[in-house]
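Enquirer: Could you have a look at this structure, given as structure tokens, before my questions?
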Amino acid sequence: MRILFIGDIVGKIGRRMVRDYLPNLIEKHQIDFVIANGENVTHGKGLIKHHYYELLDYGVDVVTLGNHYDNKDEIRRYIDGADRLIRPLNLAHEYPGDGSAVYDVDGISVRVTNLLGTAMMPEQVNNPYYALLDLLSDPDLEPATIHIVDFHAEATGEKTCMANALKGKVSAVIGTHTHVQTRDYRVMDGVAYISDVGMTGLYDGALGFEKDSVTNRIIYGHQSTFKIPDSGRGILSAAVIDINDLSGQAENIFPIYFVEEEK
Ligand SMILES: [Fe+2]
Ligand SMILES: [Fe+2]
């Protein structure tokens, strides 16, 4: 089984990058299943229903979320009917939707789970490791051969140690949230791992947003909202993961870091 995991898709440029380049990536790399982090899809924060279906139309099979899961109110109204949308599993409060689900991919069962980290993350969450253990120990749990975890977290140490703690339990721990792809992709004891798969959206910016608007806030300390342009040179960040169909263990992972030519 070969899985493509696309990093945080940001805004209109991110959606365009998926539309323009995903079909070619699927064909070129012989991809069986596509997972994409969609927490920033709608104008940089959250995911409206229309954009969720747009991603499915472009060839994404499952969309995961992150700390911006609730940024657009309408998600509460459609997530229960969106069987290819996974929100964080370890939320500390009641929330509609699922944090983990199983999909049939050509007769092979693939579980996808979304977890939020705790280090330098302000969200109220339950411990992500024990939340996952609780899930896996449920006697009524639907079995799956392959299990891909999107670990949406800030700290690389927390992400690496989660992959280590989950050896023998999952097939891959793929880091999201920082919007910057890391170089540390590897298979650790049968678990495919990368600290962060990176961002899909505006390349000539900061985090996928117009860079002066980000600088105004995080460097100068001004009250400023992140602006997000509709056009510009894009980047698509992703990882290709090979999993053994029988054992569920990862065999290989390599990153994709595609930047458009300057026009
Ligand atoms: Fe993000
Ligand atoms: Fe995030």
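If you count the sequence shown from 1, position 67 lands on 148 in the numbering used here, and the numbers rise without skipping.
Even glycine gets a Cβ: it sits at the ideal position worked out from N, Cα and C.
1) Would the C-beta of G256 count as close to ligand 1, meaning under 8 Å from any of its heavy atoms?
2) Considering only residues of the same chain and omitting the five flanking positions on each side of Y139, which have a CB-CB separation below 6 Å?
3) Is the stretch 121 to 128 in contact with the stretch 174 to 183, if contact means three or more CB pairs nearer than 8 Å?
4) Can you give me the Cβ contacts of E135 inside the same chain, cut-off strictly under 7 Å, excluding the 5 residues immediately before and after it?
5) Is the distance from the Cβ of F232 to the Cβ of G282 below 9 Å?
6) Which of the three DSSP states, helix, strand or coil, is assigned to T296?
7) Considering only heavy atoms of ligand 2, does any lie closer than 8 Å to the CB of E239?
8) Look at the alpha carbon of V272 and the alpha carbon of N121, and state the distance between them as a whole number of angstroms.
9) At 3 residues or longer, and completely inside the stretch 113 to 173: list those beta strand (DSSP E) runs for me, N to C.
10) Determine the DSSP secondary structure at N333, reduced to helix, strand or coil.
11) Is any non-hydrogen atom of ligand 2 found closer than 8 Å to the C-beta of N195, if you look at the structure I gave you?
12) Using the C-alpha atoms, what's the distance from G313 back to G188?
13) Give the DSSP bridge partners of T194, in chain order.
14) Look up S318 in the DSSP assignment and give the residues it is bridged to.
15) Could you give the first and the last residue of the continuous beta strand (DSSP E) run that contains I275?
Expert: Let me spell this out:
1) The residue labelled residue 256 in the question sits at position 175 within the sequence shown. No, ligand 1 has no heavy atom inside 8 Å of this Cβ.
2) For the purposes of this step, residue 139 is taken as the residue at position 58 of the sequence shown. Hits under 6 Å: V99, R100 and L103.
3) no
4) Position 54 of the sequence shown, counted from the first residue, corresponds to residue 135. Around E135: R96.
5) For this step, residue 232 is matched to residue 151 along the sequence shown. For this step, residue 282 is matched to residue 201 along the sequence shown. No, these two residues do not count as a Cβ contact at 9 Å.
6) Here the question's residue 296 lines up with position 215 in the sequence shown. Three-state DSSP puts T296 in a helix.
7) Here residue 239 refers to the residue found at position 158 when the sequence shown is read from its first residue. The answer is no for E239.
8) Position 191 of the sequence shown, counted from the first residue, corresponds to residue 272. Position 40 of the sequence shown, counted from the first residue, corresponds to residue 121. Roughly 26 Å separates the two Cα atoms.
9) 114 to 118 and 143 to 145
10) Position 252 of the sequence shown, counted from the start, is the residue given in the question as residue 333. In the structure shown, N333 sits in a strand (DSSP, three-state: E or B).
11) Along the sequence shown, one-based indexing puts residue 195 at 114. Checking the Cβ of N195 against ligand 2 gives no.
12) Locating residue 188 in the sequence shown gives position 107, where the first residue counts as 1. Locating residue 313 in the sequence shown gives position 232, where the first residue counts as 1. When rounded, the distance between both Cα atoms is 40 Å.
13) Your numbering for residue 194 matches position 113 in the sequence shown. Answer is S181 and V230.
14) Mapped onto the sequence shown, residue 318 falls at position 237. Answer is Y338, bridged to S318.
15) Residue mapping note: residue 275 aligns to position 194 of the sequence shown, counting from 1. V272 to I275 is the span of the beta strand (DSSP E), which, as asked, contains I275.
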